[in-house]
Amino acid sequence: MTGFTGSCLCGAVAYDSKADPQVVAHCHCVDCRKSSGTGHGTHIVIPSDGFSVTGEVKFYDKPADSGAVVSRGFCPTCGSPIYSTNSALPGMVFPRASILDDPEVVTPKMVVYASRAPNWDAMDPALPAFPEMPDGGPKKVIADGGPS
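Written out as structure tokens, the structure reads:
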């Protein structure tokens, strides 16, 4: 695989990545649930180099459990989540898998904040699931490439 693309529901915003994912994870934290409109968000973790966006993106900033500020970008026309950044992880970007043009190009490798998952959003039992963020936080997960 070499890169991937995605676009919002109305087509006004699109992203293009020349980088392959370092980690793909489902997140059941309250913020991801509420910003996705479902039981979890699925994030692709890549370096920001080689990531580009066309169209207008609006952002909503909110501190995460760690205190780092997560900036969530969305299409101002249709509301589709596009990507996020985390102030504790400069140089990284987190495109949302929900808007991939080909949703089969990524495979989730882990689940975080599993303790916060609603009972109606079943987790894949084959994936490692962490009750909260794994020890060492997102930096450690990215550095390790996800769990072994």
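Under the numbering used here, the first residue of the sequence shown carries the number 242, and numbering increases by one thereafter. Positions of the beta carbon are idealized from the N, C-alpha and C atoms, including for glycine. Because the structure is a prediction, the values reported are computed rather than measured.
Considering only their Cβ atoms, is the gap separating L330 from F245 smaller than 8 angstroms? no
How would you label F215, buried or exposed, when you count the other beta carbons within 10 angstroms and need 16 or more for buried? Residue 215 is absent from the structure shown; the chain starts at 242 and stops at 389.
Can you find the residues in the same chain that come closer than 8 angstroms, C-beta to C-beta, to G332, ignoring five residues on each side of it along the sequence? P288, S289, D290
Just to confirm my understanding: we take S328, look at its own chain, exclude 5 residues before and 5 after, and list those with CB closer than 6 angstroms. What are they? A309, V310
Strand pairing of G314, partner residues [DSSP]: F300, Y324
Under the three-state DSSP convention, the category V346 falls into: helix
If you run the structure through DSSP and keep just helix, strand and coil, what is D362? coil
Can you give me the start and stop residues for the alpha helix (DSSP H) that D272 sits inside? 271 to 277
Between A260, K303, P375, which lies nearest to C273 when the distance is taken from Cα to Cα? K303
Under three-state DSSP, which class holds A338? helix
State the beta-bridge partners of T295 as determined by DSSP. A255
With respect to the beta strand (DSSP E) encompassing C268, which residues constitute its N-terminal and C-terminal limits? 264 to 268
Less than 8 angstroms between the C-beta atoms of V352 and I285, yes or no? no
Using C-beta distances below 6 angstroms, list every residue in its chain close to D376, excluding the 5 sequence neighbours before and after it, in chain order. none
Considering just the uninterrupted stretch of the beta strand (DSSP E) at H284, what are its terminal residues? 282 to 288
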